[in-house]
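K.L.:
Count along the sequence shown starting at 1, add 321, and that's the number in the numbering used here.
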Amino acid sequence: MKKVILTAILMFALSAASFAQKYAFVDTEYILRNIPEYTDAQDILDELASEWQKEIEDMFAEVDNMYKEYQAEAVLLPEDMKRQKENEIIQLEKEAKALQKKRFGVDGDLQKKRQELVQPIQEKVFNAIEEIANTRNYAFVFDKASGATILYAQTKFDISDDVLDEIGSVMQTVKKENRQRSEYQGGNK
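(1) From this set, Y359, K343, D479 and Q342, which residue's C-alpha is nearest Q440's C-alpha?
(2) In whole angstroms, what is the alpha-carbon distance linking L438 and V446?
(3) Nearest by alpha-carbon distance to N458: which of E444, F478 and I442 is it?
(4) What is the rounded straight-line gap between the Cα of E383 and the Cα of A395?
(5) Is the CB-CB distance between I480 and A345 below 9 Å?
(6) Roughly how many angstroms lie between the CA atoms of D428 and W373, to the nearest whole one?
(7) Helix, strand or coil: which one does DSSP assign to K375?
(8) Are there 16 or more other CB atoms within 10 angstroms of the CB of I352, so buried, or fewer, so exposed?
(9) Where does L472 land, buried or exposed, given buried means 16+ other C-beta within 10 angstroms?
(10) Would you say A460 and V347 are within 9 Å of each other, going by their C-beta atoms?
(11) Using CA atoms only, rank isn't needed, just tell me which of R500, E368, E378 and Y388 is closest to R404.
(12) Between the beta-carbon of I356 and the beta-carbon of I442, is there less than 9 Å?
(13) Where does A395 sit, in a helix, a strand or coil, going by DSSP?
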């Protein structure tokens with residue numbers, strides 16, 4: 322009988338300990354928006370993407386112009402000149418597609434630049450989250466910006482400002498009184 326009671330008490334204690342885990346959440350979108358270095362990096366990436374997109378569009382426009390000229394002249398050209406013009410058009414189109422892949426492909430220039438500019442900032446954010454989670458003994462920290470469905474969250478468990486304050490010791494962040502949250506703030510109770 323004592324074993325049954327002792328086992329029941331032990332099971333109750335273990336289950337109570339599992340319910341005592343602490344949880345928190347962050348809004349990484351909010352955090353990153355309030356780090357000037359991140360917004361500067363995004364501006365650089367947007368500018369590069371726009372510049373490279375224009376460069377590629379210009380190449381494809383040139384291919385299109387060459388093709389239209391070829392169609393207009395094709396009737397008058399001998400076969401060997403036709404093949405030569407067709408090959409030039411095909412070659413320029415291949416170059417344009419190759420440049421597009423080089424700039425915007427999976428391992429393209431834009432992705433490399435994003436890793437160079439944004440990844441160090443994201444690592445600092447993660448390290449700050451990890452530090453706060455360890456210090457405050459949180460079992461889980463959810464990110465409400467990443468698509469993890471949080472249907473309700475009390476703002477007292479939002480440690481986003483704490484993360485920004487922690488990062489503020491390593492890099493510049495927007496002052497607390499100037500930070501702006503998104504319109505929706507579920508669970509403000």
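Here a beta-carbon is modelled for each residue, glycine too, at the ideal position from N, C-alpha and C.
P.N.:
A quick look at the data gives this:
(1) Position 119 of the sequence shown, counting from 1, holds the residue named residue 440. When each option's Cα is compared against that of Q440, the closest is Y359.
(2) Taking the sequence shown and counting its residues from 1, one reaches residue 438 at position 117. Taking the sequence shown and counting its residues from 1, one reaches residue 446 at position 125. Near 14 Å, if we compare the C-alpha coordinates of V446 and L438.
(3) Here residue 458 refers to the residue found at position 137 of the sequence shown. When each option's Cα is compared against that of N458, the closest is F478.
(4) Locating residue 383 in the sequence shown gives position 62, counting from the first residue. Locating residue 395 in the sequence shown gives position 74, counting from the first residue. One C-alpha to the other measures close to 18 Å.
(5) As a working note, residue 480 is residue 159 in the sequence shown. As a working note, residue 345 is residue 24 in the sequence shown. Going by C-beta atoms, I480 is nearer than 9 Å to A345.
(6) Here residue 428 is taken as the residue at index 107 of the sequence shown, counted from 1. Here residue 373 is taken as the residue at index 52 of the sequence shown, counted from 1. Roughly 15 Å between the two C-alpha positions.
(7) Numbered from its first residue, the sequence shown carries residue 375 at position 54. Three-state DSSP puts K375 in a helix.
(8) For this step, residue 352 is matched to residue 31 along the sequence shown. When all chains shown are included, I352 counts as buried.
(9) Position 151 of the sequence shown, counting from 1, holds the residue named residue 472. Because the pLDDT at L472 is just 43, under 50, the model does not fix this residue reliably, and the value given afterwards should be weighed accordingly. When all chains shown are included, L472 counts as exposed.
(10) In the sequence shown, the residue the question calls residue 460 occupies position 139. In the sequence shown, the residue the question calls residue 347 occupies position 26. Result no, Cβ atoms of A460 and V347 do not sit closer than 9 Å.
(11) Numbered from its first residue, the sequence shown carries residue 404 at position 83. Relative to the Cα of R404, the nearest Cα in the group R500, E368, E378 and Y388 belongs to Y388.
(12) Here the question's residue 356 lines up with position 35 in the sequence shown. Here the question's residue 442 lines up with position 121 in the sequence shown. Contact: yes.
(13) One-based indexing of the sequence shown puts residue 395 at position 74. If DSSP states are grouped into helix, strand and coil, A395 belongs with coil.
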